[in-house]
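Asker:
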Amino acid sequence: MFITLLVVSFLISLSVILFVVRLFQNSMRLILDRVVSPDLSGAWLRYLSFATVVVGVSGGVRIWELEKYITGETIDDKPIILNLDRWVLEVYRTLIGTLQSAAWLLLVFFVFALIAYVIVRAFELLRSGSPPTE
0 MFITLLVVSF LISLSVILFV VRLFQNSMRL ILDRVVSPDL SGAWLRYLSF
50 ATVVVGVSGG VRIWELEKYI TGETIDDKPI ILNLDRWVLE VYRTLIGTLQ
100 SAAWLLLVFF VFALIAYVIV RAFELLRSGS PPTE
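Here is the structure:
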């Protein structure tokens, strides 16, 4: 039963994070095209997508939390029984953990992208010698 829970958690987490990556891919591409050269933005986008998948799956499938079903964390040191209520709880934890991990990674990316955008924009304005119009 534990192996089934592990596989189901992994598949749910992978499905959710692939949906999130697809949802944000155009935004990430536009930002990367603006901040780095178009030649490099494809590679950066690929790396950022990979990192998002890894972080999302590792946040959704928490091995240290699932260990309690095989090692036993009760008073009599017996493993916790996987009933329907536990399954629902673990699926919910998987969804929330995946989304939370992805949200933190994307927040960090967008903060650094905003800083990089401001720097790029400042250099463009200095190079053109004109005052900002915005």
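In numbering that gives the first Met the number 0, the protein residues as written are 0 to 133.
Note that beta-carbon positions come from the ideal geometry of N, C-alpha and C, so glycine has one too.
1. Taking the alpha carbon of L65 as the reference point, which residue from P37, S8, T51 has its own alpha carbon closest?
2. Determine the closest residue to A101 out of E123, A121, S57, with distance taken between C-alpha atoms.
3. Can the beta-carbon of V34 be found less than 8 Å from the beta-carbon of A115?
4. So what's R61 in DSSP terms, helix, strand or just coil?
5. When the distance is taken between beta carbons, is L31 closer than 8 Å to L22?
6. Distance, Cα to Cα, D38 vs G59?
7. Kindly say whether F18, judged by its beta-carbon, lies nearer than 8 Å to any beta-carbon of chain D.
8. Taking just the CA atoms, how far does I16 sit from Y91?
9. What does the alpha-carbon distance come out to for the pair W63 and S14?
10. Can you tell me which of the three DSSP states M0 falls into?
11. Can you tell me the Cα-Cα spacing of I69 and L5, whole angstroms?
12. In chain order, what residues of the same chain have a beta carbon less than 6 Å from the beta carbon of L104, not counting five sequence neighbours either side?
13. Where S36 and I95 are concerned, what is the direct C-alpha to C-alpha distance, given to the nearest angstrom?
14. Residues in its own chain within less than 6 Å of I11 by CB, not counting five upstream and five downstream?
Answerer: Let me lay it out:
1. Its Cα nearest to that of L65, the residue S8 stands out among P37, S8, T51.
2. Of the candidates E123, A121, S57, the residue whose Cα lies closest to the Cα of A101 is S57.
3. Result yes, Cβ atoms of V34 and A115 sit closer than 8 Å.
4. The answer is coil: DSSP assigns R61 none of H, G, I, E or B.
5. In this structure, L31 does not lie closer than 8 Å to L22 by Cβ.
6. Distance from the CA of D38 to the CA of G59, rounded to the nearest whole angstrom, comes to 33 Å.
7. Looking at the structure shown, chain D is missing, and only one protein chain is on hand.
8. Rounded to the nearest angstrom, the gap between the Cα atoms of Y91 and I16 is 14 Å.
9. Rounded to whole angstroms, W63 and S14 show a C-alpha spacing of 21 Å.
10. If DSSP states are grouped into helix, strand and coil, M0 belongs with coil.
11. Using only the alpha carbons, I get a separation of about 12 Å.
12. Non-local beta-carbon contacts of L104 in its own chain, meaning distances under 6 Å to residues more than five positions away in sequence, involve T51, V54 in chain order.
13. Note on geometry: alpha-carbon atoms of S36 and I95 lie some 35 Å from one another.
14. Here I11 has T93 as same chain residues with Cβ atoms under 6 Å from its own Cβ, once five neighbours each way along the sequence are excluded.
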